[in-house]
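Just so you know, this note's numbering puts 400 at position 400 of the sequence shown, and the rest follows in order with no gaps. All C-beta atoms in this analysis are idealised placements derived from N, C-alpha and C, irrespective of residue type, glycine included. To start, the structure under review is shown below, and the notes come after it.
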Amino acid sequence: MKIESEIQRSVNEEKLKDQSNKKLSKRITEIEKQIENNLTLLESNKFQRNNLINKLENLSKQLFSMESSYDLKIKIDSLKQEDDKIRKTVQKKIDRRNELENKQRDYENKIKNIDGKITEYVNKDNMLNAELKKITDQDKTAKEIIVDYLRGIKNMYTNLYLSANNIYEINDNYNNYVDKLLSPELTQEEYIKIKNKTELENAVILKDGKLNECNDEINRFDSIKTNLLMKLNDIELDKIKDQLTKLPDGQSLIIKLNDDISTIKKDVNDLSKTVNDLNMRKKLNYVEGLNRILSNPETYTYTSPPIQGYEDYLKFDVNITGRKVEDGKYIIDRSKRFEYKEYLKGGIRFDFSIGTVFDIGNKQQEFDIIQNNQGYEIIQKTNNQYIPTIAGMLHSSWRSANNFALGFTLGVSMDMTKLQLNSLFPGISLLLGKTDKIIFTAGPALRKVTQLTNGFKLNTLLGSSPADYTSESYKLGWFVGVSWNLTNKQKSLMRLSY
């Protein structure tokens, strides 16, 4: 500060030293003597009080060991006149007890009086010391007044900047905390890690009791600022200026002092504006509320209004967008869009599928007639044991959200050359998948087959070419099949409530 360097200049230093060489006034000496005498009297009374208390305690013990006045009075009243000797003995006890009780009251009164004197001496000592301090303070030199004042200003000024730096650090901690919450993928587990310092850097602002400390620091800054501004407009400043006028270049020093004070006021106001612009109280309240919300697991779950599903599943188009970003911060874009299906259960579902069926047990036979020198003969051209065919199937199953379901099946195959029903496949199916399904089916097979009519045999000579030697009929066998469903989504024909 300008004023400090000027105070240390030799001319001013000597002038201030001359003012500081004054001796204590006669009144100070008198007060010091009074304090000394007062302390002597105070100690003397304390000593007397302690002696009286010891005597009183001994006296109380004696009275305690004696019979009470009430008991002695009853005893003496019960004695007859002829028991004169005993009456005199009891009366002596009564007189002795009365004497001790009177002495006890006397000690108590003396202690009470001494307590009053001690209180009086203590009050007088406090008053004399206060008066001595007042006179001593008035005897302070000009230099002491100025140095003490400037030292107080500098200390408060330094503490104000230290407090502001602490608030800046709190603001950095706040930004660190908020930055970690901007990800749309934040889960409660990740937030607990942030909060509990597990695997991730902890936001310091969330440590136990830290929020209260942060609020205390803001209050401390406001308190220092208020006291500093009051100090810069204090009555003590007028006293300093009065002292400076006694120096050779006092007016110049006053101007420099005013300049220093104006500079400090401007710095304090600028610093206060910077700290206030951070709006830390609001941010701390926001952190407290946000922490309470994010610690609740329900925060991470979105519950939609009731939706009535009529088909196999409900499809949701989910769009996750990044949180609002302010002040031009760069944030990694974690926005995403995806489709989510919620599968329903309950009710009967029907699926239609097409696939390959293997017929087992029903032979596919074809016959022909050949002619030789001896006549006609029926021969077998084909005899297939396993017959693959393409079939259409209708499946009924219980709607489920699982990846598999059991159902009943009825399948058919057609002879496309004749446009006739070729086979019938009732059975049980295993449906794998939720929307697109692979279906495995097995069961009995009712298949149309060709066979020789009665009276005709294979490889038997006939005199003439036979007519109507074959016939078609349905026979029971077995089948296994695999098919692909063609109905991805459908309404239920029967719904049951749970």
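Out of curiosity, what's the CA-to-CA distance linking residue i and residue j?
i	j	result
S335	I194	22 angstroms
R105	E36	33 angstroms
Y174	L181	11 angstroms
L132	I28	6 angstroms
S423	E366	17 angstroms
F64	E120	34 angstroms
G152	N279	29 angstroms
I192	T303	22 angstroms
F358	F425	10 angstroms
S252	N159	29 angstroms
L72	V90	7 angstroms
I295	Y149	Note on identity: in this sequence residue 295 is Ser, with Ile being the wrong assignment. The straight-line gap from Cα to Cα measures roughly 51 angstroms.
E377	V449	21 angstroms
V287	N196	15 angstroms
V147	T226	21 angstroms
D259	D216	33 angstroms
D234	D222	18 angstroms
I293	T299	7 angstroms
K23	I261	Because K23 sits at a pLDDT of 41, beneath the cut-off of 50, its placement in the model cannot be relied upon, and the following sentence gives the value as read from the coordinates. About 33 angstroms.
N362	V412	15 angstroms
V275	D115	56 angstroms
G533	D368	The chain is shown from 1 up to 498; residue 533 falls before or after that span and cannot be answered.
L421	F456	26 angstroms
I76	M66	15 angstroms
I354	M414	12 angstroms
D436	N176	47 angstroms
D312	E472	43 angstroms
I31	I167	50 angstroms
Y474	P444	12 angstroms
N171	D249	47 angstroms
T301	L186	12 angstroms
N21	E236	At N21 the pLDDT is 40, less than 50, meaning the model places this residue with poor confidence and gives no usable figure here.
L232	N319	59 angstroms
I111	E101	15 angstroms
F440	N291	54 angstroms
E342	I307	11 angstroms
S396	T356	19 angstroms
For chain D, check one thing: does any of its Cβ atoms lie closer than 8 angstroms to the Cβ of residue i?
i	result
L284	In summary, chain D is missing from the structure at hand, where a single protein chain is found.
Classify residue i: buried if its beta carbon has 16 or more other beta carbons within 10 angstroms, exposed otherwise.
i	result
F338	exposed
A130	exposed
G289	exposed
Q243	buried
T389	buried
N38	buried
I370	exposed
D84	exposed
M393	buried
G209	exposed
L128	buried
Y340	exposed
A467	exposed
Since residue i contacts residue j with CB under 8 angstroms, what's their CB separation in whole angstroms?
i	j	result
R49	I94	Wrong, their Cβ atoms sit about 31 angstroms apart, outside the cutoff.
L500	N403	Any answer about residue 500 is impossible in this case: the structure gives the chain only from 1 up to 498.
F352	N485	7 angstroms
L228	Y157	7 angstroms
V482	I438	7 angstroms
F479	A442	7 angstroms
E108	L162	Not really, about 59 angstroms apart at Cβ, beyond 8 angstroms.
G347	R399	5 angstroms
K103	L52	The Cβ separation is near 11 angstroms, so there is no contact.
L430	L406	6 angstroms
L41	V122	Wrong, their Cβ atoms sit about 11 angstroms apart, outside the cutoff.
I145	I240	6 angstroms
Name the DSSP bridge partner or partners of residue i?
i	result
R151	Answer by DSSP bridge pairing: none, since R151 is not bridged.
I354	G392, W484
R447	S423, K475
T441	S429, G481
Q535	For the chain, the structure presents residues 1 to 498; residue 535 sits outside this window and is missing.
V412	G392, L424
K85	Paired residue(s): none; K85 is not in a bridge.
K341	K315
S503	No statement about residue 503 is possible, as the shown extent of the chain runs from 1 to 498 and does not include it.
I218	Answer is none; I218 lacks a bridge partner.
D359	I387, F479
K336	I320
Just to check, is the beta-carbon of residue i closer than 7 angstroms to a non-hydrogen atom of the ligand SAH?
i	result
I28	Of ligands this structure carries none, so the ligand SAH is not represented either.
Contained beta strand (DSSP E) runs [length at least 3] in the segment 34-68, N- to C-terminal order: none
4-residue-minimum alpha helix (DSSP H) runs that sit fully inside the segment 161-198, ordered along the chain: Complete alpha helix (DSSP H) runs here, min 4: 188-196.
3-residue-minimum beta strand (DSSP E) runs that sit fully inside the segment 275-326, ordered along the chain: 313-320
Complete runs of the beta strand (DSSP E) confined to the segment 226-278 [at least 3 residues]: none
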